[in-house]
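Counting in numbering that gives the first Met the number 0, the sequence shown runs from 0 upward without gaps. Ideal placement from N, C-alpha and C gives every residue a C-beta, glycine not left out. Quick caveat: nothing in here was measured; it's all calculated off a predicted structure.
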Amino acid sequence: MIKLLVGLGNPGPEYDATRHNAGFWFVDGAARALKASLAMDKSYQGLVARTAFQGQPVWLLEPQTYMNLSGKSVGALARFFKINPDEVLVVHDELDLPPGEAKLKFGGGHAGHNGLRDIHAQLGTGDYWRLRLGIGHPGLKTEVANWVLKKPSLDHRIAIDQCIDRALTALPALLSGDMNKAMLQIHTSKPPRPKLPKPDQPSAPVQAPPAP
Numbered sequence: 000m001i002k003l004l005v006g007l008g009n010p011g012p013e014y015d016a017t018r019h020n021a022g023f024w025f026v027d028g029a030a031r032a033l034k035a036s037l038a039m040d041k042s043y044q045g046l047v048a049r050t051a052f053q054g055q056p057v058w059l060l061e062p063q064t065y066m067n068l069s070g071k072s073v074g075a076l077a078r079f080f081k082i083n084p085d086e087v088l089v090v091h092d093e094l095d096l097p098p099g100e101a102k103l104k105f106g107g108g109h110a111g112h113n114g115l116r117d118i119h120a121q122l123g124t125g126d127y128w129r130l131r132l133g134i135g136h137p138g139l140k141t142e143v144a145n146w147v148l149k150k151p152s153l154d155h156r157i158a159i160d161q162c163i164d165r166a167l168t169a170l171p172a173l174l175s176g177d178m179n180k181a182m183l184q185i186h187t188s189k190p191p192r193p194k195l196p197k198p199d200q201p202s203a204p205v206q207a208p209p210a211p
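In structure tokens form, the structure reads like this:
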């Protein structure tokens with residue numbers, strides 16, 4: 000079972016709507032679904048909520064250490080409550096997936112993601128679960144840092160939000176450890192087209208009556 004659900008991001012209102020905070024967006028949704036309230040806990044340097052699923056304790060965590068030091072928060076909580084790495088699910092933004100697509104995986108490298116890099120170091124292993132939320136790639140490696148710290152376009156944000164909503168339907172499967180079922184609910188062969196809000200329709204022009 001998953002005992003610790005971690006969303007990655009950066010603290011502060013200036014980062015709230017940026018791509019790098021997609022993990023926070025997911026955990027905010029999970030907290031609402033589980034009727035849990037996140038609150039700052041200095042012991043773990045993060046926003047923390049404790050709840051239960053099927054009679055088992057579950058912790059939600061949003062590290063407030065800034066992305067590059069996410070592992071300090073994750074490691075502190077996991078060590079104190081004796082949570083094994085394979086009982087941890089880290090939700091993070093993923094450059095290599097387009098907006099609207101998500102992938103669940105176990106283990107592997109950090110692929111240059113600084114939050115994962117620090118979690119690897121603090122847990123001493125990469126053998127934990129990850130939910131990768133696609134944010135797309137700017138096309139140039141030199142633009143990546145700027146890309147993740149900017150707000151997505153409207154269509155990209157809608158696609159990411161819809162993806163998070165879809166992934167949240169798999170929350171019971173994720174928390175119970177039924178990862179095959181969760182993958183079936185989360186994965187898509189291609190991202191669905193975002194449902195953009197409809198613009199206001201102009202009223203039809205009034206036609207003059209025909210001349211007698």
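Of the residues the options, which one's Cα is nearest the Cα of residue i?
i      : options                      : result
Leu167 : Lys71, Leu33, Lys41          : Leu33
Asp92  : Ala120, Lys149, Ile134       : Ile134
Asp40  : Gln184, Gly123, Ser72, Asp15 : Ser72
Gly114 : Leu46, Lys180, Phe79, Tyr65  : Tyr65
Val87  : Met182, Met178, Leu3, Gln63  : Leu3
Under 8 Å between the Cβ atoms of residue i and residue j?
i      : j      : result
Val143 : Thr17  : no
Val90  : Leu132 : yes
What separation, rounded to the nearest whole angstrom, lies between the Cα atoms of residue i and residue j?
i      : j      : result
Ala38  : Asp154 : 31 Å
Asp126 : Asp164 : 26 Å
Gly106 : Ser152 : 31 Å
Phe23  : Pro12  : 12 Å
His186 : Lys102 : 6 Å
Lys140 : Gln161 : 27 Å
In three-state terms, what does DSSP make of residue i?
i      : result
Met0   : coil
Glu86  : helix
Phe80  : coil
Thr50  : strand
Pro10  : coil
Gly133 : strand
Around the Cβ of residue i, are there at least 16 other Cβ atoms within 10 angstroms (buried) or fewer (exposed)?
i      : result
Thr124 : exposed
Pro10  : buried
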